[in-house]
Amino acid sequence: LFIVAVLLVLFILFLKKALSILISVYADSIIRYILTVITVLLLLPAVRFFYPFPIRYGGLPYPSTFIAEALLHLLCGKQPPSISLLGFFSYFISSFILLVFCSRRDIFRYAKAIPFFSPFDASIKAQTIKMGQNIRLFSKIGLRFTLTLKSESLFRFLIKKELIRMIRDGSLFAVLIFYIVVLIISVATKSTGDSFPAWLFILAIYSLTVPAMLVTNWRVGELNSLWIPLTSGMNLKIFFSSLLYAFVLVSIPIPIGIIIILSFITHPNLILPLVLVVSASMIGSSIHLFMMIHFLGKKSKATPGFMISWISLLLSGLFLSPAYAYVALSFIFKFTPQIDLASGAGLIVYSYFIFRFFLKRLEHKVLRIEI
255 LFIVAVLLVL FILFLKKALS ILISVYADSI IRYILTVITV LLLLPAVRFF YPFPIRYGGL
315 PYPSTFIAEA LLHLLCGKQP PSISLLGFFS YFISSFILLV FCSRRDIFRY AKAIPFFSPF
375 DASIKAQTIK MGQNIRLFSK IGLRFTLTLK SESLFRFLIK KELIRMIRDG SLFAVLIFYI
435 VVLIISVATK STGDSFPAWL FILAIYSLTV PAMLVTNWRV GELNSLWIPL TSGMNLKIFF
495 SSLLYAFVLV SIPIPIGIII ILSFITHPNL ILPLVLVVSA SMIGSSIHLF MMIHFLGKKS
555 KATPGFMISW ISLLLSGLFL SPAYAYVALS FIFKFTPQID LASGAGLIVY SYFIFRFFLK
615 RLEHKVLRIE I
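Here the sequence shown stands for residues 255 to 625, numbered as in the working numbering.
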């Protein structure tokens with residue numbers, strides 16, 4: 255098992271390095287089109303999740319097929335099929351030969367200085383680079399929206415300003431993609447008949463993650479400009495309250511729209527996902543923003559951003575535990591719609607009180623921000 259796992263890691267590394275060299279050397283050639291066709295062919299059997307398709311992954315000589323068969327047999331204490339081992343080793347040797355061939359190319363004249371960072375890099379430098387890329391990609395969409403103070407209160411103006419910012423930096427698009435994934439998983443698993451649907455589990459995770467993402471994107475993109483409202487003499491309570499309400503306005507309507515679409519496709523119990531989304535959005539947004547502002551104080555200003563996010567996630571999960579517990583109990587004991595409706599209303603009221611509590615704490619905490 256260990257040998258197969260090591261060979262799998264090496265196979266991925268060899269293939270990744272070889273393809274990187276090919277794309278760099280033959281940037282304007284047909285290589286990218288060939289890789290696109292290969293990717294489509296590799297994903298083709300996934301059509302079976304949505305439509306009766308005659309081709310299955312198990313019947314194709316893909317690397318993933320051979321690797322999965324070998325690993326499953328080894329994990330179960332059985333001898334892997336010879337054809338699986340032979341196919342896997344063939345792909346491994348092929349990737350090694352491809353890497354050796356590509357490594358003989360003169361790649362130094364194609365080298366150029368570019369920022370490189372892991373997708374899991376949570377440093378401010380890496381996140382700023384990503385934010386700049388997002389703004390260049392989505393800024394044209396946000397140009398359709400403008401701001402004006404005519405016949406608008408300052409509170410509404412600031413909310414609108416934050417909504418436009420989230421359109422331009424890609425935050426709104428990311429939230430939409432998250433919940434489209436939930437929709438796809440729901441459609442793909444609607445016939446499995448599981449006691450606890452997989453899409454609801456993903457929805458619970460995403461509804462907790464989305465507020466963290468929105469607050470983090472605000473911190474990366476707007477923290478350096480925070481001195482403007484702090485020194486302008488404006489009411490900071492209005493500024494941060496509008497920011498919090500903007501987060502809620504983004505993190506609630508999009509999943510509710512997805513849930514409404516699901517109601518026509520899979521006919522789920524709408525109360526439970528609605529409770530999860532509304533509770534997680536109100537509690538998560540208020541806690542994440544409060545913790546972000548809390549760590550802008552004198553004694554904790556140097557705290558890393560990833561640590562703030564993890565603390566906020568843990569605290570949000572703690573306050574959301576009643577909602578998660580009730581959803582689990584509802585599936586176990588098959589509560590009636592009347593009980594679900596009454597309990598869901600109670601949980602939403604509870605979430606609103608938590609939201610108001612952290613909003614009040616936030617309004618006092620902003621007076622201690624240091625820049």
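The beta carbon of each residue, even a glycine, is placed where N, CA and C say it ideally should be.
Cα-Cα separation between Pro335 and Ser318, rounded to whole angstroms: Translated into positions along the sequence shown, residue 335 becomes position 81. Translated into positions along the sequence shown, residue 318 becomes position 64. Cα to Cα, the separation comes out at about 15 Å.
contact_flag[the segment 586-598, the segment 472-483] where n(CB pairs < 8 Å) is 3 or more: no
Sequence ranges, beta strand (DSSP E) only - wholly within the segment 547-622, length at least 3: none
Delimiting residues of the alpha helix (DSSP H) encompassing Ala322: Taking the sequence shown and counting its residues from 1, the one referred to as residue 322 is at position 68. 317-329 is the extent of the alpha helix (DSSP H) around Ala322.
Between the CA atoms of Thr293 and Lys270 - distance to the nearest angstrom: As a working mapping, residue 270 is identified with position 16 in the sequence shown. As a working mapping, residue 293 is identified with position 39 in the sequence shown. The alpha-carbon atoms of Lys270 and Thr293 are separated by roughly 14 Å.
Cβ shell of Pro483 (< 6 Å), same chain only, five flanking positions each side left out: On the sequence shown, position 229 is the one that residue 483 refers to. The residues are Phe493.
Member of Phe611, Ala579, Glu617 whose CA lies at the smallest distance from the CA of Leu601: Here residue 601 refers to the residue found at position 347 of the sequence shown. The shortest Cα separation from Leu601 among Phe611, Ala579, Glu617 belongs to Ala579.
Inter-stretch contact at 8 Å, needing at least 3 Cβ pairs: the segment 559-579 / the segment 487-507: no
Proximity test, Leu497 beta-carbon vs the ligand PLP heavy atom, cut-off 6 Å: The ligand content of the structure shown is nil, which means the ligand PLP is not present either.
Among Leu550, Ile519, Leu276, Ile257, the one whose alpha carbon lies nearest that of Leu328: Reading the sequence shown from its first residue, position 74 is the one you call residue 328. If we check each option's Cα against that of Leu328, Ile257 comes out closest.
Limits of the unbroken alpha helix (DSSP H) element including Pro509: Your numbering for residue 509 matches position 255 in the sequence shown. 507-519 is the span of the alpha helix (DSSP H), which, as asked, contains Pro509.
Simplified DSSP state of Gly424, which is helix, strand or coil: Within the sequence shown, the letter at position 170 stands for residue 424. Three-state result, Gly424: coil.
Pairwise C-alpha distance: Gly341 and Ser505: Position 251 of the sequence shown holds residue 505. Position 87 of the sequence shown holds residue 341. Their Cα atoms are separated by approximately 46 Å.
Buried versus exposed, by CB contacts within 10 Å (16 or more), Phe518: Residue 518 sits at position 264 when you count from the first residue of the sequence shown. By the 10 Å Cβ count, Phe518 comes out exposed.
Three-way DSSP call (helix, strand, coil) for Met545 in this model: By one-based count along the sequence shown, residue 545 stands at place 291. Of the three classes helix, strand and coil, the one that applies to Met545 here is helix, per DSSP.
Same chain, Cβ closer than 7 Å to Leu426, five either side skipped, listed in chain order: Locating residue 426 in the sequence shown gives position 172, where the first residue counts as 1. The residues are Met420, Val504.
Ala272 and Leu325 closer than 7 Å at C-beta: As a first step, residue 272 is located in the sequence shown; it is residue number 18 there, counting from the start. As a first step, residue 325 is located in the sequence shown; it is residue number 71 there, counting from the start. No, the Cβ-Cβ distance between Ala272 and Leu325 is not below 7 Å.
Residue ranges of each alpha helix (DSSP H) within the segment 449-478, 4 or longer: 452-476
Beta-carbon gap between Ser496 and Phe612 smaller than 7 Å: Taking the first residue of the sequence shown as 1, we reach residue 496 at position 242. Taking the first residue of the sequence shown as 1, we reach residue 612 at position 358. Not a contact, by the Cβ cut-off of 7 Å.
Supposed contact pair Ile434 and Trp453 - C-beta distance, whole angstroms, cut 8 Å: In the sequence shown, the residue the question calls residue 453 occupies position 199. In the sequence shown, the residue the question calls residue 434 occupies position 180. Wrong, their Cβ atoms sit about 12 Å apart, outside the cutoff.
Straight-line Cα distance separating Gln592 from Arg410: The residue given as residue 410 occupies position 156 in the sequence shown. The residue given as residue 592 occupies position 338 in the sequence shown. Each residue's alpha carbon lies about 37 Å from the other.
Backbone secondary structure at Thr402 - three-state DSSP: By one-based count along the sequence shown, residue 402 stands at place 148. Coil at Thr402, not helix or strand.
Contact check, Phe549 vs Leu616, beta carbons under 7 Å: For the purposes of this step, residue 549 is taken as the residue at position 295 of the sequence shown. For the purposes of this step, residue 616 is taken as the residue at position 362 of the sequence shown. No, the Cβ-Cβ distance between Phe549 and Leu616 is not below 7 Å.
Under the three-state DSSP convention, the category Pro527 falls into: Stepping through the sequence shown from its first residue, residue 527 is reached at position 273. In this structure, Pro527 counts as helix in the three-state DSSP scheme.
Distance between beta carbons of Gly538 and Pro451, contact taken as under 8 Å: Position 197 of the sequence shown, counted from the start, is the residue given in the question as residue 451. Position 284 of the sequence shown, counted from the start, is the residue given in the question as residue 538. Between Gly538 and Pro451 the Cβ distance is about 22 Å, and since that is not below 8 Å, they are no contact.
7 Å Cβ cutoff met for Ala603 and Leu490: Within the sequence shown, the letter at position 349 stands for residue 603. Within the sequence shown, the letter at position 236 stands for residue 490. Here the sequence assigns Val to residue 603, which means Ala is not the residue at that position. Their beta carbons are not under 7 Å apart, which means Val603 does not touch Leu490 by this criterion.
Given Arg473 as reference, the closest of Leu314, Leu569, Phe609, Asp423 once Cα atoms are compared: As a first step, residue 473 is located in the sequence shown; it is residue number 219 there, counting from the start. For Arg473, the nearest C-alpha among the options comes from Asp423.
Cα-Cα separation, Leu526 to Val301: In the sequence shown, residue 526 corresponds to position 272, counting from 1. In the sequence shown, residue 301 corresponds to position 47, counting from 1. Computed Cα separation, rounded: 29 Å.
Bounding residues of the alpha helix (DSSP H) (the contiguous stretch that carries Ser338): To locate residue 338, count along the sequence shown from 1; it is residue 84. Segment 336-357, the alpha helix (DSSP H) holding Ser338.
Contacting residues, own chain, Cβ-Cβ under 6 Å from Val531 (five flanking each side not counted): Within the sequence shown, numbered from 1, the residue matching residue 531 stands at position 277. Correct list, in chain order: Ser461, Pro509.
Boundaries (first-last residue) of the alpha helix (DSSP H) holding Ser274: The residue you call residue 274 lines up with position 20 of the sequence shown. Here the alpha helix (DSSP H) through Ser274 covers 256-279.
Val294, enclosing alpha helix (DSSP H) - first and last residue: Residue 294 sits at position 40 when you count from the first residue of the sequence shown. Residues 285-297.
Alpha-carbon spacing of Leu314 relative to Met467, whole angstroms: Residue 314 sits at position 60 when you count from the first residue of the sequence shown. Residue 467 sits at position 213 when you count from the first residue of the sequence shown. Distance between the alpha carbons of Leu314 and Met467: 39 Å.
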